[in-house]
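Under numbering that gives the first Met the number 0, the sequence shown is numbered contiguously, ending at residue 221.
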Amino acid sequence: MAYTRSTVLHLLLLEDEDLLRLTLASALPDETMAVVGAYGDAKSAIRAGTDTPFDVLVTDLDLAQGQGPDGIVVANVLRRTRPEIGVVLLTSYADPRLVGTKLDQLPAGTEYVRKNAIRDIDTLRAAIRRAAIGAAEPSPLETAVTLTDTQIETMRLVAQGLSNAEIARQRVVTEGAVEVSLRRIARNLGFGNDSTQNVRVQIVRAYFEMAGASGAHNGQPT
């Protein structure tokens, strides 16, 4: 669409945290934006987005802590029937690969917004306007950009508490290969060679820092 300051953008919200969803649905509407629907699960959002015209999907990345389709899946599904829609991904994660998503799965032109970077509602409105005209800013991948997809996946498995042997089994590699990967991750993250520090503990801490959390529940950031 040809967006101008006078254009009213119609937004579809998908956020599984009830309070945040209600807050966004109440705070975002103004003279240039209207919320056509706010949903807490992927199926409802896909159904509504297929039936109801809208301009921008504003969605959480990690829905229900990985128990179903994530926000990227929803965005890609809706883009098949509405290729013109803008997409804003809200997340605590510095890198979408931390939840098992590959960068090439991100819909083209996605505006990637970390929740802790939203200073006020106008910050989010600005991201929505950029998404509407296909002028998304580069994804802020921060520290994780120095890591490969395989290294990110290894970090995620370590953070879930898996042993080197189990990680090797899941990745279909040797335990030696996992150990090499852990050393490379540590080096890329700048941990150094301090023998008094446990590499796995450092990697887990780094994972949760990049996930915007300080703890975990069932292998997922809280």
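Even glycine gets a Cβ: it sits at the ideal position worked out from N, Cα and C.
Locate the beta strand (DSSP E) running through residue i, then write down its first and last residues.
i	result
residue 36	32-38
residue 111	110-113
Looking only at its own chain, which residues have a Cβ that is under 7 Å from the Cβ of residue i, when we skip the five neighbours before and after it?
i	result
residue 76	45
residue 203	157, 158
residue 164	174
residue 28	34
residue 184	146, 150, 153, 154, 202
Compute the distance between the beta-carbons of residue i and residue j, then report whether it is under 8 Å.
i	j	result
residue 86	residue 74	yes
residue 103	residue 59	no
residue 111	residue 209	no
residue 211	residue 96	no
residue 108	residue 125	no
residue 48	residue 12	no
residue 120	residue 26	yes
residue 180	residue 145	no
residue 17	residue 39	yes
residue 105	residue 57	no
residue 190	residue 198	yes
residue 132	residue 100	no
For residue i, report the span of its alpha helix (DSSP H) as first-last.
i	result
residue 148	148-158
residue 49	41-50
residue 222	As displayed, the chain neither begins before 0 nor continues past 221, which places residue 222 out of reach and without an answer.
Taking DSSP's pairing of strands, which residues face residue i in a bridge?
i	result
residue 57	12, 87
residue 29	32
Helix, strand or coil: how does DSSP classify residue i here?
i	result
residue 225	Outside the shown range of the chain (0 to 221) lies residue 225, about which nothing can therefore be said.
residue 142	Model confidence at residue 142 stands at a pLDDT of 45, short of 50, so the residue's coordinates are unreliable; what they give is reported in the following sentence. Three-state result, residue 142: helix.
residue 203	helix
residue 7	coil
residue 119	coil
residue 102	helix
residue 19	helix
residue 24	helix
residue 132	coil
residue 126	helix
residue 188	coil
residue 163	helix
residue 63	helix
Leaving out five residues before and five after residue i in sequence, what residues of the same chain have Cβ atoms less than 8 Å from its Cβ?
i	result
residue 167	173, 174, 176, 177
residue 7	30, 31, 32, 33
When the cut-off is 8 Å and only beta carbons count, does residue i lie next to chain D?
i	result
residue 167	Among the protein chains of the structure shown there is no chain D, as only one such chain exists.
In chain order, what residues of the same chain have a beta carbon less than 6 Å from the beta carbon of residue i, not counting five sequence neighbours either side?
i	result
residue 156	166
residue 141	In this prediction, residue 141 has a pLDDT of 47, which is less than 50 and means its spatial position is unreliable; what the coordinates show is noted afterwards. 93.
residue 9	33, 35, 53, 54
residue 153	180
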